[in-house]
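Residue numbers (full-length UniProt numbering): 1 to 611.
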């Protein structure tokens, strides 16, 4: 099992043991009692024949992003169809957002994925890749490095440039530090002692490394602060990421080390085609009781304990909406803006909603009148990295026709770099503006501050490339056609790009968010609640897990036989082979539902009490 999955399971186990102590009144309990027999019994055949459901429950899903659509698909697998998806914006997809430039010039591939844009072919992404294939979403190669398709490209490197220092940031020292840490705790993929995972993992937990930021950890290993900045730039291509939890860095490091040996994929035509496929799956003419309602901003939720309902207030509506179950799939910043004071959520969950850290991300896509970079770059794909404000240039992984307009992701930044870059964006709200050809503030303007900065940075970067006659600022200005600049921090429908927890946050909050709330009627899901922060798989996996918990608690309440759980387990949302996703545990499912109504006392540690 991957590090992040093992860590997540250990935290949930510890959380459930604490709840069991309260439930049994036995403070001496140290483990969950063993279970006998299958938690989810295998399907009798391949259908729900003989499985008597009246299916009267009216279910609400807040948010029509990846997690919201996946939740609806999961519910459909278990024959729940009375579903309303309330989406605050005018379109589905959430952070699966493709911006299409006007195509009145005969150009192809005139788009840019502003949110998620690539999927690595690694073990933990297999269920996601299989689901995309089942949805008939066409995948194409994504070339993270030029050498992915041209082994000789080492002689034709992409230009990188370090403006604020004289030499390329050194990566070997940081790699050695990471490998030493992973070897010490038994997490290296090629480590012969990795079979002793449990022993090594206990050591990792005992030393409380999750409470350190990456920078703090490196400082304990003899790095100066300047050394940590150099390591950060070489490892992540951004400033500020090492101030988040060491665990996030370790997990990302393992992901990208594994991905180096494998392939990457993109969705042909942009992630909008994945969104369309998911919407088409959810909004089926044969399932008229499932609907996506747009421009429905939820402003308040209330738990009606007596009637066993969740009451939702939508902005602009006089009459509240009433549901048997609600799945919130919005980002936590959006959930924080809702009035949830009458849901009765635990203090830890409320604190987590308010404080769990989201990273920043900003992109600037520029449409040029031709792919000006092709004379120098023999093959598509790859990234130019820099410590200039633009941070990274991502070259398209598809070939572009000579003499025809081409779109370049001219700036891709995260963390502090994204905050600074976005300060010169003219902001727009896609839900209100994207039906227009040019969102307000993103009209073609070669003299817009963001365009001038990006073009100058590109020219500066390429001027140091050593390539013959690199493009000048003046040439790039003449080639400019249009641009689109976007910051996820400034999007009112997200309030952040993706979860990237700070020191101690995973340890202190993750397990509490796995509980069903409001007597099992309210569940929170999304990539922030998963172990796969920033990946599509996190949203999909979290939706699957939350749906499974709700179906199980319903089955128990109605004394049903659990075939709905088995049907979902056997679907492609669960892997499609009657096995769960890698991080899913039936034992933890059993105890999470069994102890859902046990409330832990809110204890403030003495060190945390203000003097």
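Cβ coordinates follow ideal geometry from the N, Cα and C atoms, glycine included.
As the structure is a computational prediction, the values presented were derived from the model and not from experiment.
Asked: Straight-line Cα distance separating residue 267 from residue 485; Found: 21 angstroms
Asked: Residues bridged to residue 264 [DSSP beta-bridge criterion]; Found: 120
Asked: Rounded C-alpha distance that separates residue 443 from residue 102; Found: 11 angstroms
Asked: Own chain residues within Cβ distance below 8 angstroms of residue 403, not counting five before or after; Found: 370
Asked: Whole runs of the alpha helix (DSSP H) within the region 535-609, excluding any shorter than 4 residues; Found: 536-557, 563-569, 586-594
Asked: Residue 462 in three-state terms, based on DSSP; Found: helix
Asked: N- and C-terminal bounds of the alpha helix (DSSP H) containing residue 652; Found: For residue 652 there is no data in the structure shown, the boundaries of the chain being 1 and 611.
Asked: Paired residues, beta bridge with residue 291 - DSSP; Found: 84
Asked: Residue 527 versus residue 462 - alpha carbon distance; Found: 37 angstroms
Asked: Residue 195, buried or exposed, once every other Cβ within 10 Å from all chains shown has been counted against 16; Found: Its pLDDT being 43, under 50, residue 195 is placed unreliably by the model, and the measurement read from it follows with that caveat. So residue 195 ends up on the exposed side.
Asked: Residue 339 beta carbon less than 8 angstroms from that of residue 300; Found: yes
Asked: Residue 367 - partner residues in DSSP beta bridges; Found: 407, 482
Asked: Touch test, the region 108-124 against the region 508-522, Cβ-Cβ under 8 angstroms, three pairs minimum; Found: no
Asked: Close Cβ partners of residue 289 (< 8 angstroms) along its chain, the five nearest in sequence each way excluded; Found: 81, 82, 83
Asked: DSSP bridge partner residues for residue 111 (one or two, in chain order); Found: 100
Asked: CB of residue 400 within 8 angstroms of CB of residue 392, strictly; Found: no
Asked: Where residue 98 falls, given that 16 or more other Cβ within 10 Å makes a residue buried; Found: buried
Asked: Segment limits, alpha helix (DSSP H) that includes residue 333; Found: 332-337
Asked: Whole-Å CB distance - residue 591 paired with residue 233, under 8 angstroms assumed; Found: Not quite, the Cβ-Cβ distance comes to about 44 angstroms (not below 8 angstroms), so this is no contact.
Asked: Given 8 angstroms, three or more beta-carbon pairs between the region 309-317 and the region 352-366; Found: no
Asked: Contact check, residue 70 vs residue 573, beta carbons under 8 angstroms; Found: yes
Asked: Whether residue 549 touches residue 523 by CB criterion (8 angstroms); Found: yes
Asked: Straight-line Cα distance separating residue 207 from residue 89; Found: 45 angstroms
Asked: Where the alpha helix (DSSP H) through residue 390 begins and ends; Found: Segment: none, residue 390 is in no alpha helix (DSSP H) and carries neither H nor E.
Asked: Sub-8 angstroms separation of residue 265 and residue 77 beta-carbons; Found: no
Asked: Cα-Cα separation, residue 19 to residue 406; Found: 57 angstroms
Asked: Residues near residue 476 in its chain [Cβ-Cβ closer than 8 angstroms; skip 5 each side]; Found: 368, 372, 455, 458, 459
Asked: Residue(s) in a DSSP beta bridge with residue 140; Found: 266
Asked: Secondary structure of residue 448, DSSP reduced to three states; Found: coil
Asked: Meets three-Cβ-pair contact criterion under 8 angstroms: the region 279-287 and the region 534-544; Found: no
Asked: Residue 174, enclosing alpha helix (DSSP H) - first and last residue; Found: 172-184
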